[in-house]
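This report refers to the structure that appears directly beneath it.
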Amino acid sequence: MKYKVKKTAGAVKLNGNWDEGQWAKANILEIQNYMGEKPKHFPKTQAKLLYDSNNIYVFFKVEDNYVCSAAQQTHGPVWRDSCVEFFFAPDTNQKDVYFNLETNCGGTMYFRYNDLQNDIKKLVEISDCKKIEVYHSLPKLIQEEITTPTVWYVSYRLPLSIISKYGKIQKPESGVFWNANFYKCADLSSHPHWLTWSPVDYPTPNFHLPQYFGILEFK
Numbered sequence: 004m005k006y007k008v009k010k011t012a013g014a015v016k017l018n019g020n021w022d023e024g025q026w027a028k029a030n031i032l033e034i035q036n037y038m039g040e041k042p043k044h045f046p047k048t049q050a051k052l053l054y055d056s057n058n059i060y061v062f063f064k065v066e067d068n069y070v071c072s073a074a075q076q077t078h079g080p081v082w083r084d085s086c087v088e089f090f091f092a093p094d095t096n097q098k099d100v101y102f103n104l105e106t107n108c109g110g111t112m113y114f115r116y117n118d119l120q121n122d123i124k125k126l127v128e129i130s131d132c133k134k135i136e137v138y139h140s141l142p143k144l145i146q147e148e149i150t151t152p153t154v155w156y157v158s159y160r161l162p163l164s165i166i167s168k169y170g171k172i173q174k175p176e177s178g179v180f181w182n183a184n185f186y187k188c189a190d191l192s193s194h195p196h197w198l199t200w201s202p203v204d205y206p207t208p209n210f211h212l213p214q215y216f217g218i219l220e221f222k
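Mapping of the sequence shown onto the numbering used here: position 173 corresponds to residue 176, and the numbering continues sequentially without gaps.
Right, dumping it as structure tokens:
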């Protein structure tokens with residue numbers, strides 16, 4: 004799988020306007036593969052990316068029907084909620100080194116650096132997480148699961164300086180490649196599912212398999 008990330012020529016707004024402003028120029032990727040048994044509830048999940056000299060911008064759109072959001076603290080178990088995830092390896096010379104940035108529909112995030120070869124897992128400091136501007140269309144807390152058709156959005160601006168603080172990075176520019184995958188899950192919802200962009204050939208749900216990452220090509 005390959006996704007072409009376009010460079011933005013102007014300011015990128017973080018909101019729920021999927022097709023407006025700079026986002027209208029971004030390519031769309033579909034998170035339409037699954038792990039485990041085929042889920043009964045298969046929310047249509049899409050993402051867009053843009054970049055500039057200092058940031059990566061990520062925008063998720065989910066057409067859902069069973070939505071929950073309980074985790075409210077940074078680095079809480081957001082994957083139990085209705086959650087979208089961006090896993091990326093910013094240095095293709097280190098394929099076992101990657102970050103996982105997971106965000107529930109209420110905008111709460113879990114952000115970690117991973118080095119599989121050296122068995123290192125390090126949470127990104129909360130002070131750095133606060134530098135990531137996040138937009139979420141739904142409330143931070145959803146106490147009772149929403150069980151009606153709901154479209155929700157999460158978008159964020161991820162400063163490249165945060166990534167380089169924790170690991171090596173091939174700075175995005177035309178001709179640079181990263182490895183990445185995108186996921187949608189909701190482990191403790193009434194209709195759990197584990198969806199992926201790049202297919203993952205593994206018998207049980209496991210997103211931490213960088214050998215199955217697809218390719219981000221910066222344009």
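We put the CB at the ideal spot given by N, CA and C, even for glycine. Just so we're clear, the structure is a prediction, and the values are computed from it rather than from any experiment.
I need the boundaries of the alpha helix (DSSP H) containing C132, first residue and last residue.
I129 to C132
Rounded to the nearest angstrom, how far is the Cβ of F216 from that of A50, given a contact under 8 Å?
With a Cβ gap of about 14 Å, F216 and A50 do not count as contacting.
From S130 to T77, what distance separates their C-alpha atoms?
Within the model, the alpha-carbon separation for S130 versus T77 is close to 10 Å.
Spatial neighbours of E176 within its chain, please: CB distance less than 7 Å, with the 5 preceding and 5 following residues excluded, ordered by chain position.
F221
Per the contact definition of three or more C-beta pairs closer than 8 Å, is the region 19-34 in contact with the region 110-119?
no
Span separating the alpha-carbon of Q97 from that of K124:
15 Å
With respect to the alpha helix (DSSP H) encompassing K168, which residues constitute its N-terminal and C-terminal limits?
L163 to Y169
Based on the DSSP output, what are the partners of N96 in its beta bridges?
According to DSSP, which records beta bridges pairwise, N96 is partnered with nothing at all.
Do you know whose CA, among W200, L53 and K41, lies nearest G24's CA?
L53
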